[in-house]
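J.:
Chains as they are written, first to last, in this note's numbering: chain P, 468 to 784; chain V, 247 to 583.
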């Protein structure tokens, strides 16, 4: 056991993946010489060479499509898209190609592609670098979507994603890059949601950069915290088990509130645990505004621990 | 027509000696005839309601798939578009499996999940059947990258229409493919119209080879109505790629005799233009050349045609006898449903 940062966790995961399987290669904008936009891949070019740590031009659609083809051709590409906002330029290859090939080919093809991208706000990067589109990806059958909220997941989700025969989108959170945690070194399961804190009064459902906020809020309201971890296909069992115990739930989601992941979680709680509830399920999401630059406005737009506490208290927690 | 559109002059029909052994020439002729007869039957079956959805016929363009796919080896990759019946057929996908796919039957080459636009055959490295214009380009470049990194001598052949060159992904892929010298051949099937939009109404630079050359890529152009010209260009392109000299762009100038799809009233082109291009038809001009050099008689042609028609009838019987996948299997072959 040793304490490392989330960023180091990501780098360790990448190094392990490149070292353990010659079919694995990393490509993306500035992953090599520059060392990664967030310094995640620093040192990997020197260690593994330019064929396997491959700098790309600014052609998200092109290099994600090449990742799809390389996966079909027998490799295990890790494609990094600098931010989820830029991933919209590549959406056609993800949604119309990677996600569909297994089905359209009647089960003949699989696309063992891993896409890593960073998501979320909190660093005053303004509207074109701060959004959260996890829900857009989680809408699509044919891809698995996971979100790393801890150091262990930052390291271990990659290996699990690479072991998967189909496309996996891994969300990483720059707001968490400096956070530190113990690295257990244990293999990571990307099929399960996990309880991160026990509590009695209310269930707080969160993922990604919202997890530390939910944990901070939970300390004040005797909350139980479930980290969703896998956003598609959702693992609702730990959520429902917790809701049946606490009888209250607040869903925290950095995506916008309308038509988002939180709405889906709430709907599933209604379908499965309606009669176990003592209060309507609440949501704490990002306000319906492009993320503003000014710090106080950005903070006001995002889910915060105080908002989660207030939402939980309003339910009687 | 609403907009001024001056069609390019129609070149004279393909002519001259066919420089192949008779057996190979007849194989080329048979491939083209198989595509033609299958698709004529498809049009009939569409009218009869047996095939639904979109159906894009390749009639008129048979020399392109035939000449190009015949230049590939079994280990090479093929990525095609939604107008891909011909490519699948020449690649070796059985005609019955293709037709059963159009029927939506479980015995189809994509188990009825794809239809006319999404024919797949993993064993023959036939990667679709792609109905997003330009969508197959980076996929083919990625397959080629995989071959290169794995040290395999495969070539990835990508077929796409001239309409795709207006897509950003075409330019991203040309740049990436040339930058990384991947072993791919980009076969641009220039049939002059992207649905109803003529090339010179959509491109500031209608010379497509210039676009590829601007990325430093070798570009060849050939008459897509002449199976000999196509095959020679394809062999040359594959030779350059296999020699490790990077990807090659091949423009094949061709013409679609039928409508874009079964829903197209063809308001955008003059009947006379279609008639002029029909004089360049790849089947009758190639048969005439073979006859002129004593490689084919009318009787032999009729016997070949009869054999192809039997294959088509057998394919229809196979598709008719096919079964419907049970609805209980609806979520089969979906990842993370």
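Every residue, glycine too, gets a C-beta built ideally from N, C-alpha and C.
For residue 745 of chain P, does the three-state DSSP call read helix, strand or coil?
T.: In the first chain, the residue the question calls residue 745 of chain P occupies position 278. Note: residue 745 of chain P maps to coil in three-state DSSP.
J.: Measure how close the beta-carbons of residue 613 of chain P and residue 637 of chain P come, nearest whole angstrom, since I'm counting them as under 8 Å.
T.: Residue 613 of chain P sits at position 146 when you count from the first residue of the first chain. Residue 637 of chain P sits at position 170 when you count from the first residue of the first chain. Yes, residue 613 of chain P and residue 637 of chain P are in contact; Cβ-Cβ is about 5 Å, under 8 Å.
J.: Is residue 721 of chain P closer than 8 Å to residue 587 of chain P when the C-beta atoms are compared?
T.: To locate residue 587 of chain P, count along the first chain from 1; it is residue 120. To locate residue 721 of chain P, count along the first chain from 1; it is residue 254. It is a contact, given that the beta carbons lie within the stated cut-off.
J.: Report yes or no: is there a C-beta of chain P within less than 8 Å of the C-beta of residue 381 of chain V?
T.: As a first step, residue 381 of chain V must be located in the second chain, where it is residue number 135. Taking Cβ atoms only, chain P reaches closer than 8 Å to residue 381 of chain V, which makes this a yes.
J.: Straight-line CA distance for residue 582 of chain P to residue 701 of chain P?
T.: As a first step, residue 582 of chain P must be located in the first chain, where it is residue number 115. As a first step, residue 701 of chain P must be located in the first chain, where it is residue number 234. Each residue's Cα considered, the two are about 19 Å apart.
J.: I need the straight-line Cα distance from residue 644 of chain P to residue 601 of chain P, nearest angstrom please.
T.: Taking the first residue of the first chain as 1, we reach residue 644 of chain P at position 177. Taking the first residue of the first chain as 1, we reach residue 601 of chain P at position 134. For residue 644 of chain P and residue 601 of chain P, the distance between alpha carbons rounds to 18 Å.
J.: Going by DSSP, name the residue or residues bridged to residue 439 of chain V.
T.: To locate residue 439 of chain V, count along the second chain from 1; it is residue 193. Paired residues: V:444.
J.: Mind checking residue 513 of chain V: buried by the 16 CB within 10 Å criterion, or exposed?
T.: Reading the second chain from its first residue, position 267 is the one you call residue 513 of chain V. So residue 513 of chain V ends up on the exposed side.
J.: Taking residue 473 of chain P as the reference, give the member of P:751, P:666 and P:649 with the closest Cα.
T.: Within the first chain, residue 473 of chain P is the residue found at index 6, counting from 1. Looking at the Cα atoms, P:649 is the closest of the given residues.
J.: Just grab the DSSP bridge partners of residue 548 of chain P for me.
T.: Within the first chain, the letter at position 81 stands for residue 548 of chain P. Residue 548 of chain P pairs with P:584.
J.: Check the C-beta distance from residue 663 of chain P over to residue 692 of chain P and give it rounded, since I have them as a contact under 8 Å.
T.: Position 196 of the first chain holds residue 663 of chain P. Position 225 of the first chain holds residue 692 of chain P. Correct: roughly 5 Å between the Cβ atoms.
J.: Around the Cβ of residue 569 of chain V, are there at least 16 other Cβ atoms within 10 angstroms (buried) or fewer (exposed)?
T.: As a first step, residue 569 of chain V must be located in the second chain, where it is residue number 323. So residue 569 of chain V counts as exposed.
J.: Can you give me, in chain order, the residues of the region 689-700 of chain P that have a beta carbon less than 8 Å from any beta carbon in chain V?
T.: Cβ contacts with chain V come from 699 and 700.
J.: Short of 8 Å in beta carbon distance, which residues of its chain neighbour residue 519 of chain P, apart from the five on each side in sequence? Order them along the chain.
T.: On the first chain, position 52 is the one that residue 519 of chain P refers to. Closer than 8 Å at Cβ, skipping near neighbours: 485, 491, 492 and 493.
J.: Taking only three categories from DSSP, how would you classify residue 732 of chain P?
T.: Reading the first chain from its first residue, position 265 is the one you call residue 732 of chain P. It is helical.
J.: Give me the subset of the region 567-596 of chain P whose CB atoms are less than 7 Å from a CB atom of chain B, sorted by chain position.
T.: Given the protein chain composition of this structure (P and V), no chain B is represented.
J.: Going along the region 381-395 of chain V in order, which residues come within less than 8 Å of chain P, judged by CB to CB distance?
T.: Result list: 381, 383, 384, 385, 386, 387, 388, 389, 390, 391, 392, 393 and 395.
J.: Locate the beta strand (DSSP E) running through residue 522 of chain P, then write down its first and last residues.
T.: Position 55 of the first chain, counted from the first residue, corresponds to residue 522 of chain P. Segment 520-522, the beta strand (DSSP E) holding residue 522 of chain P.
J.: Taking DSSP as the reference, what is the three-state secondary structure of residue 355 of chain V?
T.: For the purposes of this step, residue 355 of chain V is taken as residue 109 along the second chain, with counting starting at 1. Of the three classes helix, strand and coil, the one that applies to residue 355 of chain V here is coil, per DSSP.
J.: At a cut of 8 Å, does the region 613-623 of chain P reach the region 701-719 of chain P through at least three beta carbon pairs?
T.: As far as the Cβ criterion goes, the region 613-623 of chain P does not touch the region 701-719 of chain P, which means the pair count is below three.
J.: Using the three-state DSSP reduction, which class does residue 723 of chain P fall into: helix, strand or coil?
T.: Mapped onto the first chain, residue 723 of chain P falls at position 256. DSSP places residue 723 of chain P in strand when its eight states are reduced to three.
J.: Have a look at V:351, V:303 and V:508 and flag the residue whose alpha-carbon is nearest the alpha-carbon of residue 437 of chain V.
T.: Numbered from its first residue, the second chain carries residue 437 of chain V at position 191. If we check each option's Cα against that of residue 437 of chain V, V:303 comes out closest.
J.: Would you mind stating whether residue 388 of chain V and residue 537 of chain P have Cβ atoms separated by less than 8 Å?
T.: Here the question's residue 388 of chain V lines up with position 142 in the second chain. Here the question's residue 537 of chain P lines up with position 70 in the first chain. In this structure, residue 537 of chain P lies closer than 8 Å to residue 388 of chain V by Cβ.
J.: Unbroken alpha helix (DSSP H) runs of length 4 or more, entirely within the region 252-318 of chain V: which are they?
T.: If we require 4 residues or more, the alpha helix (DSSP H) runs fully inside the region 252-318 of chain V come out as 268-293 and 308-315.
J.: Are the beta-carbon atoms belonging to residue 427 of chain V and residue 323 of chain V less than 8 Å from one another?
T.: Start at 1 with the first residue of the second chain, and residue 427 of chain V comes out as number 181. Start at 1 with the first residue of the second chain, and residue 323 of chain V comes out as number 77. Against a cut-off of 8 Å, the Cβ pair of residue 323 of chain V and residue 427 of chain V comes out as no contact.
J.: Have a look at the DSSP bridge pairing and note the partners of residue 638 of chain P.
T.: Taking the first residue of the first chain as position 1, residue 638 of chain P is located at position 171. Bridge partners of residue 638 of chain P: P:584 and P:614.
J.: If contact means a Cβ-Cβ distance below 9 Å, which residues of the region 341-360 of chain V contact chain P?
T.: Here the close residues are 347, 352, 354, 355, 356, 357, 358, 359 and 360.
J.: Quick check on residue 543 of chain V: buried or exposed, where buried means 16 or more other Cβ atoms within 10 Å of its Cβ?
T.: The residue given as residue 543 of chain V occupies position 297 in the second chain. The residue in question, residue 543 of chain V, is exposed, as its Cβ has fewer than 16 Cβ neighbours within 10 Å.
J.: Helix, strand or coil for residue 494 of chain P? Go by DSSP, reduced to three states.
T.: Numbered from 1 along the first chain, position 27 holds the residue referred to as residue 494 of chain P. Note: residue 494 of chain P maps to strand in three-state DSSP.
J.: Quick one: does residue 581 of chain V have its CB under 8 Å from some CB of chain P?
T.: Working through the second chain from its first residue, we reach residue 581 of chain V at position 335. Output row for residue 581 of chain V: interface = yes.
J.: Please report how far the alpha carbon of residue 713 of chain P lies from the alpha carbon of residue 295 of chain V, in whole angstroms.
T.: What you label residue 713 of chain P is simply residue 246 of the first chain in a count that begins at 1. What you label residue 295 of chain V is simply residue 49 of the second chain in a count that begins at 1. Using only the alpha carbons, I get a separation of about 58 Å.
J.: Under a CB-based cut-off of 8 Å, is residue 615 of chain P close to chain V?
T.: As a first step, residue 615 of chain P must be located in the first chain, where it is residue number 148. No, no contact with chain V.
J.: List, in chain order, every chain P residue whose beta-carbon is nearer than 8 Å to that of residue 422 of chain V.
T.: Sequence index remark: in the second chain, residue 422 of chain V carries index 176 (1-based). Those are 523, 524, 526, 529, 530 and 533, listed as they occur along chain P.
J.: Where does residue 454 of chain V fall in DSSP's three states?
T.: Residue numbering aside, residue 454 of chain V sits at position 208 when the second chain is read from its first letter. Helix at residue 454 of chain V.
J.: Does the Cβ of residue 548 of chain P lie closer than 7 Å to at least one heavy atom of the ligand ZN?
T.: By its list of ligands, the structure shown contains no ligand whatsoever, and the ligand ZN lies outside what it can speak to.
J.: Go ahead and label residue 496 of chain P buried or exposed: buried means 16 or more other beta carbons lie within 10 angstroms of its beta carbon, across all protein chains shown.
T.: Here the question's residue 496 of chain P lines up with position 29 in the first chain. It counts as buried.
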